[in-house]
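Residue numbers (our numbering), protein chains in the order written: chain G, 3 to 123; chain F, 3 to 123.
Idealized CB from N, CA, C, for every residue including glycine.
In what follows, a structure is listed as structure tokens, so that the remarks can point back to it.
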DNA sequence: TAACTATATAACTAATTGGTGTTAAAATCA
DNA sequence: TGATTTTAACACCAATTAGTTATATAGTTA
């Protein structure tokens, strides 16, 4: 009955949700933590040592990642293990990586003739 | 010769670059602007009217999007038209959207038996 | 129970940033 | 030329947040 079937209206709620997810991935420290979890679950101390970040800082970042559903929390005795809950985040990172590489390569191609001495005069 | 071929080291530069790109997409206003550009190029005035955002605000957001290589700038007479330079951003948004939908559906499934009256006692 | 370890939380600072208002610059038209 | 329109640049304020320090909480062991 709706005429908006083909191009769905992006409600503010959806926009906010998507923006919020991207915001979680927009901090180098959090990406670093995610990279460390690529090899498997790690407890907080291991993440501390691997990243060199402060304890309270890591704890806060892990909470944010867990709330976003990107990592999951698994208490085991004294320590708490975290692991990737949804590997989609890596696909997103990979896509952005490719984007950045493409852009750098394109810039390199544009600069190449100048480096070869052509085009200055 | 390198032993790090399989799992590439994520240098701080790469991490910063990826984080920076995600940060550009982490603002609802910018996502709103991108959504308005889905239907084709638009000048600033058209974007103003479509989004309801302030002029200076839109100008700033467009600059950020252009610097990130997500939109491209095309002056035409008095006005300046912007258009999507790389549609990859939409694939990213779509992926995040699916993620959010999946999470809501999963939460719904978990809540369903409780709503049916089972599991309270 | 007390002592110890691992993690989380609270309070704080410093820096970043989204939004607004204003001004300036550039193109078009009278 | 002068007036108008369109966009960008600049200054400002309010709100958010990453990181740090100190403290609290929970699990473990003696």
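Which value, in whole angstroms, describes the spacing of the CA atoms of residue i and residue j?
{"i": "residue 26 of chain G", "j": "residue 67 of chain G", "result": "7 Å"}
{"i": "residue 22 of chain G", "j": "residue 120 of chain G", "result": "47 Å"}
{"i": "residue 95 of chain G", "j": "residue 100 of chain F", "result": "16 Å"}
{"i": "residue 38 of chain F", "j": "residue 71 of chain G", "result": "29 Å"}
{"i": "residue 65 of chain G", "j": "residue 62 of chain F", "result": "32 Å"}
{"i": "residue 60 of chain F", "j": "residue 102 of chain G", "result": "24 Å"}
{"i": "residue 6 of chain F", "j": "residue 12 of chain F", "result": "At residue 6 of chain F the pLDDT is 48, less than 50, meaning the model places this residue with poor confidence; the figure from the coordinates comes in the next sentence. Going from the Cα of residue 6 of chain F to the Cα of residue 12 of chain F covers about 11 Å."}
{"i": "residue 87 of chain G", "j": "residue 110 of chain G", "result": "38 Å"}
{"i": "residue 83 of chain F", "j": "residue 116 of chain F", "result": "53 Å"}
{"i": "residue 77 of chain F", "j": "residue 85 of chain F", "result": "11 Å"}
{"i": "residue 104 of chain F", "j": "residue 112 of chain F", "result": "12 Å"}
{"i": "residue 30 of chain F", "j": "residue 36 of chain F", "result": "10 Å"}
{"i": "residue 118 of chain F", "j": "residue 73 of chain G", "result": "30 Å"}
Would you call residue i buried or exposed, if buried means 16 or more other Cβ atoms sit within 10 Å of its Cβ?
{"i": "residue 1 of chain F", "result": "Given a span of 3 to 123 for chain F in the structure shown, any question on residue 1 of chain F remains unanswerable."}
{"i": "residue 79 of chain F", "result": "exposed"}
{"i": "residue 15 of chain G", "result": "exposed"}
{"i": "residue 42 of chain G", "result": "exposed"}
{"i": "residue 28 of chain F", "result": "buried"}
{"i": "residue 40 of chain F", "result": "exposed"}
{"i": "residue 19 of chain F", "result": "buried"}
{"i": "residue 69 of chain G", "result": "exposed"}
{"i": "residue 93 of chain F", "result": "exposed"}
{"i": "residue 106 of chain G", "result": "exposed"}
{"i": "residue 32 of chain G", "result": "buried"}
{"i": "residue 34 of chain F", "result": "buried"}
Can you tell me where the alpha helix (DSSP H) holding residue i begins and where it ends?
{"i": "residue 11 of chain F", "result": "Counting along the chain, residue 11 of chain F falls outside any alpha helix (DSSP H), and DSSP gives it neither H nor E."}
{"i": "residue 82 of chain G", "result": "Note, residue 82 of chain G: premise wrong, no alpha helix (DSSP H); beta strand (DSSP E) at 81–86."}
{"i": "residue 124 of chain G", "result": "Outside the modelled stretch of chain G, which goes from 3 to 123, sits residue 124 of chain G, for which no answer is possible."}
{"i": "residue 30 of chain F", "result": "30–38"}
{"i": "residue 50 of chain G", "result": "46–53"}
Taking the continuous beta strand (DSSP E) assigned at residue i, which residues delimit it?
{"i": "residue 74 of chain G", "result": "73–78"}
For the pair the segment 42–61 of chain F and the segment 44–64 of chain G, tell me if three or more CB-CB distances fall below 8 Å. They do not touch, by the three-pair rule.
Complete alpha helix (DSSP H) runs within the segment 86–117 of chain F (minimum length 4 residues, chain order): With a minimum length of 4 residues, the continuous alpha helix (DSSP H) runs that stay inside the segment 86–117 of chain F are 90–117.
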